[in-house]
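Student:
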Amino acid sequence: MAVIDEVYALAAPYWQTRSNEIHVPEAYDLAKRLLAEIPEADPAIVLPAILLHDVGYARVPEEDQLKGLAGAPSGWEPDITRRHEVEGARLAGEILAEVGYDAERTRRIQAIVDGHDSRPEALDLDDAVVKDADKLWRFTENGVRIAHAWVGRTPEEFVDFLETRIEGWFFTDAAKALARTTLTASRAAIARDRA
Numbered sequence: 001m002a003v004i005d006e007v008y009a010l011a012a013p014y015w016q017t018r019s020n021e022i023h024v025p026e027a028y029d030l031a032k033r034l035l036a037e038i039p040e041a042d043p044a045i046v047l048p049a050i051l052l053h054d055v056g057y058a059r060v061p062e063e064d065q066l067k068g069l070a071g072a073p074s075g076w077e078p079d080i081t082r083r084h085e086v087e088g089a090r091l092a093g094e095i096l097a098e099v100g101y102d103a104e105r106t107r108r109i110q111a112i113v114d115g116h117d118s119r120p121e122a123l124d125l126d127d128a129v130v131k132d133a134d135k136l137w138r139f140t141e142n143g144v145r146i147a148h149a150w151v152g153r154t155p156e157e158f159v160d161f162l163e164t165r166i167e168g169w170f171f172t173d174a175a176k177a178l179a180r181t182t183l184t185a186s187r188a189a190i191a192r193d194r195a
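Have a look at this one:
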């Protein structure tokens, strides 16, 4: 088994909350698509980081998890965002140690996880790709279907909102382009649902 498959298998049990069992595998696929367009980024950092970025939500009480989302109708609580990042970085270190991952890469992955939502800037290109893949998921059909309710919008309103965020949210041109094409497909799927 390849080491990334081991990381995937060890991380997956932590995804069984906040729709992460859908979000993380799809964000992982989006990260792979971005890596194909951005060869300077390091898959040995990006792929484990995207698999591990939200494992910390398993350590946040379920009733508090959506409060860690900026724009949540119940109000954003930044300390919950930070808690999932800090717990996630710790769990990422444990999982990566279990598979014998390189210590320097582990530290870099932990730094990405510890700030992937709360830190507005990217530490480096690898962090930018992880941040972009994470946000890109919201633009997918599943992302729209799930996340619109998190922020108290209809699917149509959420798609319109996302369209206004493309330039400001994404670090890479590849992510901006993928966001546009993905959102077009999601908009069409939502329209079919309403027809």
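Residue numbers for the sequence shown follow UniProt numbering, so the first one is 1 and each next one is one higher. Glycine included, every Cβ here is placed at the ideal spot set by N, Cα and C. Computed from a predicted model, the values in this text were never measured in an experiment.
Straight-line CA distance for R153 to Y57?
Tutor: Residue numbering aside, residue 153 sits at position 153 when the sequence shown is read from its first letter. Residue numbering aside, residue 57 sits at position 57 when the sequence shown is read from its first letter. Going from the Cα of R153 to the Cα of Y57 covers about 23 Å.
Student: Where does G168 land, buried or exposed, given buried means 16+ other C-beta within 10 angstroms?
Tutor: Mapped onto the sequence shown, residue 168 falls at position 168. It counts as exposed.
Student: Where does the unbroken alpha helix (DSSP H) through E163 begin, and where does it stop?
Tutor: Residue 163 sits at position 163 when you count from the first residue of the sequence shown. From DSSP, the alpha helix (DSSP H) with E163 extends over 155-163.
Student: On the criterion of 16 or more Cβ atoms from any shown chain inside 10 Å, does P155 qualify as buried, or is it exposed?
Tutor: As a first step, residue 155 is located in the sequence shown; it is residue number 155 there, counting from the start. Buried: at least 16 other Cβ atoms inside 10 Å.
Student: Does DSSP put F139 in a helix, in a strand, or in coil?
Tutor: Looking up residue 139 in the sequence shown gives position 139. The answer is helix: DSSP assigns F139 an H, G or I state.
Student: Using only alpha-carbon positions, find the residue among E21, D42, L47 that is nearest to A31.
Tutor: The count along the sequence shown starts at 1 and reaches residue 31 at position 31. When only C-alpha atoms are compared, the closest one is L47.
Student: What's the gap between the Cα of I146 and the Cα of E87?
Tutor: By 1-based counting over the sequence shown, the position of residue 146 is 146. By 1-based counting over the sequence shown, the position of residue 87 is 87. I146 and E87: Cα-Cα distance of roughly 24 Å.
Student: Alpha carbons only, please: which of R119, E85, R180, T164 is nearest the one belonging to L52?
Tutor: Looking up residue 52 in the sequence shown gives position 52. Among R119, E85, R180, T164, the Cα nearest to that of L52 is on E85.
Student: What residue does the alpha helix (DSSP H) around R59 start on, and which one ends it?
Tutor: Translated into positions along the sequence shown, residue 59 becomes position 59. From DSSP, R59 is part of no alpha helix (DSSP H); its letter is neither H nor E.
Student: Under the assumption that F107 contacts I45 (Cβ atoms under 8 Å), give the Cβ distance between them as a whole number of angstroms.
Tutor: Looking up residue 107 in the sequence shown gives position 107. Looking up residue 45 in the sequence shown gives position 45. Before going on, a small fix: residue 107 reads as Arg here, not Phe. Wrong, their Cβ atoms sit about 10 Å apart, outside the cutoff.
Student: Helix, strand or coil for D132, going by three-state DSSP, please let me know.
Tutor: For the purposes of this step, residue 132 is taken as residue 132 along the sequence shown, with counting starting at 1. In this structure, D132 counts as helix in the three-state DSSP scheme.
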